[in-house]
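S.K.:
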Amino acid sequence: MAAARERASLWPGFTALVAAAVYMIVLLGVERPPLVILLLGVGIAAVVAGAWAGLFADVSRSFAEHEDALGLFAIAALLAVAAFFHDDHFVLLLVTTVLLYSVATLGLNIQFGYAGVLNFAGASFFGVGAYTSAVLNAYTPVPHLLVLLIGGLLAALVGSLLLLPVLRTRGHYAAVVTIAFALLFKTFIEVNDVLGGPQGMQVKGMSILGWSFNDNIEIGGVSLSFYMNYFVVSLLLLIGAFVVVRRLERSWIGLNLDALRLDETAASCFGLDITRWKITAFLIGNFLIGLAGALYGMVGGFVAPNNYTFADSLILVSILLLGGIGNPWGLIVATFIVVVVPEKLQAIQEYRFLLYALMVIAMLLFRPEGLLPRPVRRYFPGWRP
Amino acid sequence: MDLGLFAQYVMNGLMLGMMYALVAVGFTLFFGVLDVIKFSHGDVLTVGAFTALASYAGLSALGIHSPWLELIIMLVLATLAMALLGMLIARYLVMPLRSAPPLNTLLITLMLGTALRESVRLFYPQGANPKPFPALLPRASIDLGEFNLRLDNVLMLAAGVAVIAGLQYLLNRTKLGLAIRAVAQDEETARTMGINFTAIVLITFAIGSGLAAFAGVMNGLYYNEINFGLGLYLGVIGFSAAIIGGLGSIYGAILGGFLFAGLQTVGTVLLPFASAYKDVFAFAVVIALMAWRPTGLIREKISERV
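Heads up: the protein sequence lines correspond to chains A and B, in order.
Numbering of the first sequence is given in our numbering, commencing with residue 1 and proceeding in unit increments.
Numbering of the second sequence is given in our numbering, commencing with residue 1 and proceeding in unit increments.
1) Following a CB-centred definition, is residue 48 of chain A positioned closer than 8 Å to any heavy atom of the ligand HEM?
2) Name the two residues that bound the continuous alpha helix (DSSP H) containing residue 150 of chain B.
3) Please identify, using Cβ separations under 9 Å, the residues of the stretch 45-75 of chain A that lie next to chain B, in order along the chain.
4) Give me the DSSP bridge partner(s) of residue 219 of chain A.
5) By the three-class DSSP mapping on this structure, what secondary structure does residue 64 of chain B have?
6) For residue 83 of chain B, collect the residues of the same chain with a Cβ closer than 6 Å to its Cβ; drop the 5 residues on either side in sequence, then sort them by chain order.
7) Residue 323 of chain A and residue 371 of chain A: beta carbons closer than 9 Å?
8) Reducing DSSP to helix, strand and coil, say where residue 141 of chain B ends up.
9) Return the Cβ separation of residue 93 of chain A and residue 308 of chain A in integer angstroms, given the expectation that the two are a contact with Cβ distance under 8 Å.
10) Tell whether a beta-carbon distance below 9 Å holds between residue 49 of chain B and residue 220 of chain B.
11) Do residue 18 of chain B and residue 258 of chain B have their C-beta atoms within less than 9 Å of each other?
12) How long is the line joining the alpha carbons of residue 251 of chain B and residue 88 of chain B, rounded to whole angstroms?
13) Mapping the DSSP letters down to three states, classify residue 193 of chain B as helix, strand or coil.
14) Taking contact to mean 3 or more Cβ pairs, one atom from each stretch, closer than 8 Å, check whether the stretch 110-120 of chain A and the stretch 48-63 of chain A are in contact.
15) Looking at residue 62 of chain A and residue 28 of chain A, is the spacing between their C-beta atoms short of 9 Å?
16) Thinking just about the alpha-carbon of each residue, which of B:150, B:124 and B:98 is nearest to the one in residue 11 of chain B?
17) Just to make sure I have the definition right: I need the residues of chain E whose C-beta is within less than 7 Å of the C-beta of residue 243 of chain B. Which are they?
18) Within 9 Å (strictly less), CB to CB, does residue 119 of chain B reach chain A?
19) In this structure, does DSSP put residue 303 of chain A in helix, strand or coil?
20) Restricting to Cα atoms, I'd like to know which of A:206, A:349, A:346 and A:362 is closest to residue 130 of chain A.
21) Look up residue 204 of chain A in the DSSP assignment and say whether it is helix, strand or coil.
22) So who's on the other strand from residue 284 of chain A, going by DSSP bridges?
23) Going by DSSP, name the residue or residues bridged to residue 344 of chain A.
24) From which residue to which residue does the alpha helix (DSSP H) around residue 395 of chain A run?
25) For residue 356 of chain A, is the classification buried or exposed, using 16 other Cβ atoms within 10 angstroms of its Cβ as the cut-off for buried?
26) Should residue 388 of chain A and residue 81 of chain A be called a contact, given that it needs their Cβ atoms to be closer than 9 Å?
27) So, is the C-beta of residue 236 of chain B closer than 9 Å to a C-beta in chain A?
28) Would residue 259 of chain A pass as an interface residue toward chain B - the criterion being a Cβ-Cβ separation below 9 Å?
29) Check whether chain B comes within 9 Å of residue 311 of chain A, counting only Cβ atoms and requiring the distance to be less than that.
30) Could you confirm whether any beta carbon from chain B is found closer than 9 Å to the beta carbon of residue 338 of chain A?
31) Bridge partners for residue 225 of chain B per DSSP, in chain order?
32) Kindly list, in the order they appear in chain A, the residues whose Cβ is closer than 9 Å to that of residue 87 of chain B.
33) Let's see if you can read the secondary structure: which residues bound the alpha helix (DSSP H) around residue 170 of chain A?
34) Which value, in whole angstroms, describes the spacing of the CA atoms of residue 199 of chain A and residue 177 of chain A?
35) Is the Cβ of residue 360 of chain A closer than 9 Å to any Cβ of chain B?
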């Protein structure tokens, strides 16, 4: 009996997922701004009430105990949302964007959250991926799945140019290196004629083995939006990235990265190779960001310098802070909020950089650990802090 | 290259260097008293330049058309407003986070910079477009052979030198300067000597931000145009200049500013493709310098406290 009480139930997590899926469907389905505001208000009120009633503790325990099962449920919930909006181009594009931004923030999370390597050029590496797919799809017959891989590798390669300054500096100094790179990247693609200059480039849609992703699908009389293709691929990418990041975090590599972030000096006293792990984290992170960027380029069909500015990099960092640095589940929730809210409320679209900047300032002053803080690492199976 | 063109480049480099140096000095001052980097410094400069522009519009509406009077009122208003803004930022955003991880200070000032930049873009009338800045200094010029020496540039350089000399006097010859240096050297000892720590920090932030406003007006007068992204650019370069000179040292920051401007000017002259890529080149130099000498030309002694 005592053992049964200790083991958290699956149901709180499951209920939370169902509630989240229903809320997503309603929010994405609503068109009129007053209704959207009302729904957002209801959502915030529900979250606050839930937190006040202490329901979140149950949910997070449930997630900690049954992560695999709840992960499968989360995938099912996302598929349900996609199935509900199967012929709605806009909503599917939005959901796909959320998925790909989640992949990118997962990459950023390895850098910021685990290794403590700062990267304020997230959008630039995303842009490296997107421009890779633009150029390769236009001029070469490279298979598109391979293009994704090349996008990721190129982002890691470009990132490796920054390795020397990033490794030799720390804290604020490292931050300025990546900020300078973010500004450099945007200016570079703007003045560069080969890459389309300020007007940007068209990106050819994805096609795998002759299956063109930019055609609508007809299955037994039901027509699906062509974004469904991209949704499925993005979902697979997110699942892959999530599993990799989670495994990485729990493995001895994650342990090394945590040690490195918390105290570099102590970590090196214990014989950890600081340089090696910083490089690993920076490159894996950039790879994931570039991978997501390459696919996003094909989804959007268009790349332009103005989509990869320093402000966009800061939005990625805002997602990280909002979700709670180091917690992949929190990141996905935060990405959803940050991407979807300005799209649903077009009135605030123009103000989003300002709003997110103010939001992060408020978070840092009042709740620096984020909405869903990273739980304490579990060192042994079944061990609870 | 003929002498006239050379002199033109030197003049250009000096003007750039003066602006970079003024920004870099701010970074160094803040780092001195609080050991923080305030990434919103560049955007305070933008707000300062726009404050000056707004007060110009206000003065024109009031019917004041004497260039000197306008310029002085603009400068005073912009400097005072930014000094106040700097104090508010220090008091309510930087100081509360002193015990938090350094990453939080970094993020909060970075986000504040974004908030300031975006506010200018969104709320200044047509703030998203570059705005013409009035040419208020006398436009007379002297022809020295090929070289055209413009009086306004000379005046700006002289004003910059005067400001830096004034700052130098303030820091080295007054009690306030002594207090600032004491806080920079050792906060606790300074406190036990009866120095009001909070007041000194706020005054330092006011001075640094006032300098940024001055640099912003100078930038507007030199290029006759300002835009909302100006501060981000000057901020990153100013910070790098401060690092190259060794953070915490005023002379280092000034030296760093001129060095950076020199590199940039030489780069523009020597590299044929550099005019289009001049900003790319500047940021590449930032990254390269950080890789080469991460703690500045004058190596700072690092001993990690365990």
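Every residue, glycine too, gets a C-beta built ideally from N, C-alpha and C.
M.R.: Taking the geometry as given:
1) No copy of the ligand HEM occurs in the structure displayed, which carries no ligand at all.
2) Numbered from 1 along the second sequence, position 150 holds the residue referred to as residue 150 of chain B. It is not in any alpha helix (DSSP H) - residue 150 of chain B instead sits in the beta strand (DSSP E) that spans 147-150.
3) none
4) Position 219 of the first sequence, counted from the first residue, corresponds to residue 219 of chain A. Answer is A:222, bridged to residue 219 of chain A.
5) Translated into the one-based positions of the second sequence, residue 64 of chain B becomes position 64. Coil.
6) By 1-based counting over the second sequence, the position of residue 83 of chain B is 83. If we look at residue 83 of chain B and ignore the five residues flanking it on each side, its Cβ neighbours are 206, 209 and 210.
7) Locating residue 323 of chain A in the first sequence gives position 323, counting from the first residue. Locating residue 371 of chain A in the first sequence gives position 371, counting from the first residue. Taking 9 Å as the Cβ cut-off, residue 323 of chain A and residue 371 of chain A qualify as a contacting pair.
8) Position 141 of the second sequence, counting from 1, holds the residue named residue 141 of chain B. Note: residue 141 of chain B maps to strand in three-state DSSP.
9) Counted from its first residue, the first sequence places residue 93 of chain A at position 93. Counted from its first residue, the first sequence places residue 308 of chain A at position 308. The Cβ separation is near 18 Å, so there is no contact.
10) Along the second sequence, read from residue 1 onward, the residue named residue 49 of chain B stands at position 49. Along the second sequence, read from residue 1 onward, the residue named residue 220 of chain B stands at position 220. Closer than 9 Å, so yes.
11) Within the second sequence, residue 18 of chain B is the residue found at index 18, counting from 1. Within the second sequence, residue 258 of chain B is the residue found at index 258, counting from 1. Yes; because the gap between Cβ atoms is below 9 Å, this pair is in contact.
12) Locating residue 251 of chain B in the second sequence gives position 251, where the first residue counts as 1. Locating residue 88 of chain B in the second sequence gives position 88, where the first residue counts as 1. Spanning the two alpha carbons is a distance of roughly 27 Å.
13) To locate residue 193 of chain B, count along the second sequence from 1; it is residue 193. If DSSP states are grouped into helix, strand and coil, residue 193 of chain B belongs with coil.
14) no
15) Residue numbering aside, residue 28 of chain A sits at position 28 when the first sequence is read from its first letter. Residue numbering aside, residue 62 of chain A sits at position 62 when the first sequence is read from its first letter. In this structure, residue 62 of chain A does not lie closer than 9 Å to residue 28 of chain A by Cβ.
16) Walking along the second sequence from the start, residue 11 of chain B turns up at place 11. Comparing Cα positions, the closest option is B:150.
17) No chain E appears in this structure, whose protein chains are A and B.
18) As a position in the second sequence, residue 119 of chain B is number 119, starting the count at 1. Closer than 9 Å to some Cβ of chain A, the Cβ of residue 119 of chain B qualifies, so yes.
19) Locating residue 303 of chain A in the first sequence gives position 303, where the first residue counts as 1. Looking at residue 303 of chain A - three-state DSSP - the assignment turns out to be strand.
20) Working through the first sequence from its first residue, we reach residue 130 of chain A at position 130. Measuring from the Cα of residue 130 of chain A, the nearest candidate turns out to be A:206.
21) Taking the first residue of the first sequence as 1, we reach residue 204 of chain A at position 204. Residue 204 of chain A: coil per DSSP, three-state reduction.
22) For the purposes of this step, residue 284 of chain A is taken as residue 284 along the first sequence, with counting starting at 1. In the DSSP output, where bridge partners are listed per residue, residue 284 of chain A has none listed.
23) Stepping through the first sequence from its first residue, residue 344 of chain A is reached at position 344. Answer is none; residue 344 of chain A lacks a bridge partner.
24) Summary: the structure shown does not reach residue 395 of chain A, with chain A confined to residues 1 through 385, and so no result is reported for it.
25) Taking the first residue of the first sequence as position 1, residue 356 of chain A is located at position 356. Buried, since its Cβ has 16 or more Cβ neighbours within 10 Å.
26) Residue 388 of chain A lies beyond the range of chain A shown here (1 to 385); nothing can be said about it.
27) Position 236 of the second sequence holds residue 236 of chain B. Chain A, which has a Cβ nearer than 9 Å to the Cβ of residue 236 of chain B, makes this yes.
28) By one-based count along the first sequence, residue 259 of chain A stands at place 259. No, no contact with chain B.
29) Position 311 of the first sequence, counted from the first residue, corresponds to residue 311 of chain A. True, the Cβ-Cβ gap to chain B drops below 9 Å.
30) Against the first sequence, residue 338 of chain A aligns to sequence position 338. It does not: the Cβ of residue 338 of chain A has no partner Cβ on chain B nearer than 9 Å.
31) Numbered from its first residue, the second sequence carries residue 225 of chain B at position 225. Partner(s): B:132.
32) Looking up residue 87 of chain B in the second sequence gives position 87. Within 9 Å Cβ-Cβ: nothing; residue 87 of chain B doesn't reach chain A, min ~17 Å.
33) As a first step, residue 170 of chain A is located in the first sequence; it is residue number 170 there, counting from the start. Careful: residue 170 of chain A lies outside any alpha helix (DSSP H) and carries neither H nor E.
34) In the first sequence, counting from the first residue as 1, residue 199 of chain A sits at position 199. In the first sequence, counting from the first residue as 1, residue 177 of chain A sits at position 177. Their backbone Cα atoms lie some 27 Å apart in a straight line.
35) For this step, residue 360 of chain A is matched to residue 360 along the first sequence. Answer yes: the Cβ-Cβ gap between residue 360 of chain A and chain B drops below 9 Å somewhere.
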